[in-house]
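A.B. asks: According to the working numbering, the stretch in the sequence shown is residues 139 to 195, in order. The structure is given below, and queries will be raised subsequently.
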Amino acid sequence: MKHLAAYLLLQLGGNSSPSSSDIKEVLSSVGIEADGERLDKLVSELEGKNIQDVSGR
Numbered sequence: 139m140k141h142l143a144a145y146l147l148l149q150l151g152g153n154s155s156p157s158s159s160d161i162k163e164v165l166s167s168v169g170i171e172a173d174g175e176r177l178d179k180l181v182s183e184l185e186g187k188n189i190q191d192v193s194g195r
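Here's what the structure looks like:
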């Protein structure tokens, strides 16, 4: 969930296609260590999707 939250925060901030390194940077800024394998899977599954696609609205 923390990876998804960081992904969505980046999109809200104007980054339409957040990378794994972008998400790791957000998480590390608040002292959270990212799980690289899970993060890479999330980014590949969300590639090309916007907030509306992800939220189902």
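Each residue gets a CB set at the ideal place from its N, CA and C atoms; glycine is no exception. These numbers were taken from a predicted model, which means no experiment stands behind them.
For a test of the three-state rule: what should DSSP assign to I170, helix, strand or coil?
C.D. replies: Residue 170 sits at position 32 when you count from the first residue of the sequence shown. Three-state DSSP puts I170 in coil, outside helix and strand.
A.B. asks: Leaving out five residues on either side along the sequence, give the residues of the same chain with a beta carbon under 8 Å from the beta carbon of I189.
C.D. replies: Mapped onto the sequence shown, residue 189 falls at position 51. Here the set comprises L146, Q149, L150.
A.B. asks: So, helix, strand or coil for K187, using DSSP?
C.D. replies: What you label residue 187 is simply residue 49 of the sequence shown in a count that begins at 1. Correct three-state label for K187: coil.
A.B. asks: What does the alpha-carbon distance come out to for the pair E163 and A172?
C.D. replies: Working through the sequence shown from its first residue, we reach residue 163 at position 25. Working through the sequence shown from its first residue, we reach residue 172 at position 34. The straight-line gap from Cα to Cα measures roughly 9 Å.
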